[in-house]
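Novice: Take a look at this one; I'll ask things after.
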Amino acid sequence: RQWPYPPDSGASGASSMTSPPHIDCLRDQISLAEAHMRQAQAGVDCSGYSFRQEGTSVIGSYTCTAADGSRASVEATTSGDMMRAYTTTVVSTTEDPKPGMPETVTVMVVAERLGDCDAAPPPILPPPPAQ
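For this note's numbering, add 1315 to where a residue sits in the sequence shown, where the first one is 1.
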């Protein structure tokens, strides 16, 4: 399946920013933890993945550490039909943010299935950390 994301993202308290769509081709079903690992920024290490169902949404919580040592608690809420379209809202709260940096950043990822993959398979990811 081809998924474009994120067409819309922004920091809380700031004006909304729009990013160009990112096309991802998934040939196999992956877990939510793997999906979050695919979207992690380079140099960011996340662990302590915990997911729970609340109504029609799945809530994920985990902690990420950036290359500079800064840490953030993350809560991600995903809803929608994972086979056709979904929306994920990620709220990151940084411990001791640097001066001028926001303590909380909110990013919204909107994905929809475009069709069958015509690209090469994505690189193989390491398995998610043991829970």
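A virtual CB, placed ideally from N, CA and C, is assigned to each residue, including glycine.
Note that the coordinates shown come from a computational prediction; the quantities given were computed from them, not determined experimentally.
If I measure Cβ to Cβ from Glu-1427 and keep anything under 6 Å in the same chain, skipping five residues before and after, which residues do I get?
Specialist: The residue labelled residue 1427 in the question sits at position 112 within the sequence shown. Closer than 6 Å at Cβ, skipping near neighbours: Ala-1400.
Novice: Under three-state DSSP, which class holds Ala-1357?
Specialist: Your numbering for residue 1357 matches position 42 in the sequence shown. Coil at Ala-1357, not helix or strand.
Novice: Rounding to the nearest angstrom, what Cα-Cα distance links Leu-1429 and Thr-1409 in this structure?
Specialist: For the purposes of this step, residue 1429 is taken as the residue at position 114 of the sequence shown. For the purposes of this step, residue 1409 is taken as the residue at position 94 of the sequence shown. Spanning the two alpha carbons is a distance of roughly 34 Å.
Novice: Relative to the C-alpha of Asp-1360, which residue among Ile-1338, Pro-1335, Val-1389, Ser-1372 is closest?
Specialist: Indexing the sequence shown from 1 puts residue 1360 at position 45. The shortest C-alpha separation from Asp-1360 is found at Val-1389.
Novice: In three-state terms, what does DSSP make of Glu-1410?
Specialist: Residue mapping note: residue 1410 aligns to position 95 of the sequence shown, counting from 1. Coil.
Novice: When you compare only the Cα positions, how much space is there between Ser-1385 and Ser-1362?
Specialist: Sequence index remark: in the sequence shown, residue 1385 carries index 70 (1-based). Sequence index remark: in the sequence shown, residue 1362 carries index 47 (1-based). Looking at the two C-alpha atoms, the distance is approximately 14 Å.
Novice: Taking DSSP as the reference, what is the three-state secondary structure of Ala-1350?
Specialist: Taking the first residue of the sequence shown as 1, we reach residue 1350 at position 35. Correct three-state label for Ala-1350: helix.
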